[in-house]
DNA sequence: GGGGTATGAAGAC
DNA sequence: TCTTCCTACCCCA
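Residue numbers (full-length UniProt numbering): 1 to 271.
Written as structure tokens, this is what we have:
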């Protein structure tokens, strides 16, 4: 489930398991053999997340940069690691724990300068204390691009993905097609604050829940929904089902080869 | 065993 | 806008 909240959890988990320890590194799949050889025996000194990018700092100033993409996953286990199952790009072991990385979009070692370049092309991350929503507003507020597209642009806001964008727009009652410049500073501030709250809850829970208690299916006399992504949401992947709030059929359209979901009743087009 | 799907993004046009 | 990369899982035959 790789949206920003997942990556922040991964950073914290790495620190908890391997922080300050010399780790054993290997690449059972072989595609990161050279990097794993360099990592092997080095001490994990810091673990950070910026948007969907995981940055693990090791002694000697190099940084392991992991981006999960759509498919990437980490699986952690306690005790001596068993023979790797499936295609494991990188395995780290230490302190009685191990972590297996499969299917990442990116798994590479960066020099300090390269880390700075990476960070410089990312927008503020709602989960980071140093995030400044005004920096994002500077882009959003002068753009003709639909807000739904801007929210997926990691150089505008780093961290939200397809679920958070759909859900935060629903919660704020904003038509996804509304151009950024027509949003207004006030609605941007409210949207940002909601993102911060939702994503922080996602970090704590390890899943994306966005439905307010009064709209939970149980409270409405319906059965809880079962969905593969694991959280309770208003519109994401609910196309054709009745909106939990107004009953209108949830709509969907493909935008930039991603599925966008919204409720035409709760998120009416601005006149 | 094949096809479709998925929470992402870069690079080629 | 299209293609490509990456892996696992689900559904269907």
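Note that CB positions come from ideal geometry on N, CA and C, so glycine has one too.
C-alpha distance - residue i paired with residue j, whole-angstrom precision
i, j, result
"residue 70", "residue 3", "9 Å"
"residue 261", "residue 189", "22 Å"
"residue 282", "residue 67", "Since the displayed the chain opens at 1 and closes at 271, residue 282 lies outside it and no answer follows."
"residue 25", "residue 167", "38 Å"
"residue 39", "residue 90", "10 Å"
"residue 185", "residue 125", "18 Å"
"residue 180", "residue 33", "44 Å"
"residue 207", "residue 146", "27 Å"
"residue 203", "residue 9", "6 Å"
"residue 162", "residue 35", "31 Å"
"residue 21", "residue 7", "21 Å"
Residue i versus the options, residue with shortest Cα-Cα distance
i, options, result
"residue 144", "56, 21, 183 and 166", "183"
"residue 28", "103, 20 and 16", "103"
"residue 268", "115, 17, 178 and 141", "178"
"residue 243", "216, 256, 254 and 255", "216"
"residue 17", "100, 119 and 218", "100"
"residue 107", "128, 207, 123 and 65", "65"
"residue 127", "250, 256, 13 and 5", "5"
"residue 31", "146, 80, 88 and 204", "88"
"residue 254", "237, 246, 241 and 270", "237"
"residue 148", "172, 129 and 130", "172"
"residue 42", "121, 23 and 191", "23"
"residue 77", "130, 197 and 14", "14"
"residue 198", "79, 165 and 259", "165"
"residue 240", "256, 258, 263 and 218", "263"
Cβ distance (whole Å) where residue i is taken to contact residue j below 8 Å
i, j, result
"residue 48", "residue 11", "6 Å"
"residue 265", "residue 248", "3 Å"
"residue 63", "residue 109", "7 Å"
"residue 72", "residue 44", "So it is not a contact: roughly 19 Å between Cβ atoms."
"residue 50", "residue 121", "Contact flag wrong, Cβ pair sits at about 10 Å."
Would you call the region 130 to 142 in contact with the region 83 to 98, where contact means no fewer than 3 C-beta pairs closer than 8 Å? Counting Cβ pairs under 8 Å, fewer than three are found: no touch.
Complete runs of the beta strand (DSSP E) confined to the region 75 to 120 [at least 3 residues]: Runs found: 88 to 94, 97 to 102 and 106 to 110.
Quick test of the definition: if touching needs 3 or more C-beta pairs under 8 Å, does the region 145 to 163 touch the region 54 to 61? As far as the Cβ criterion goes, the region 145 to 163 does not touch the region 54 to 61, which means the pair count is below three.
How do the region 229 to 244 and the region 210 to 218 stand: do at least 3 beta-carbon pairs fall below 8 Å, yes or no? With a cut-off of 8 Å, the region 210 to 218 and the region 229 to 244 count as touching, because enough Cβ pairs lie within range.
Could you pull out every unbroken alpha helix (DSSP H) segment of at least 4 residues lying fully inside the region 117 to 205, listed in chain order? The qualifying runs are 133 to 140, 147 to 150, 162 to 171 and 185 to 205.
Which runs of the beta strand (DSSP E) spanning at least 3 residues fall entirely within the UniProt domain "FPG-type" (234 to 268), listed in chain order? Taken in chain order, the whole beta strand (DSSP E) runs of length 3 or more contained in the UniProt domain "FPG-type" (234 to 268) are 251 to 255 and 258 to 262.
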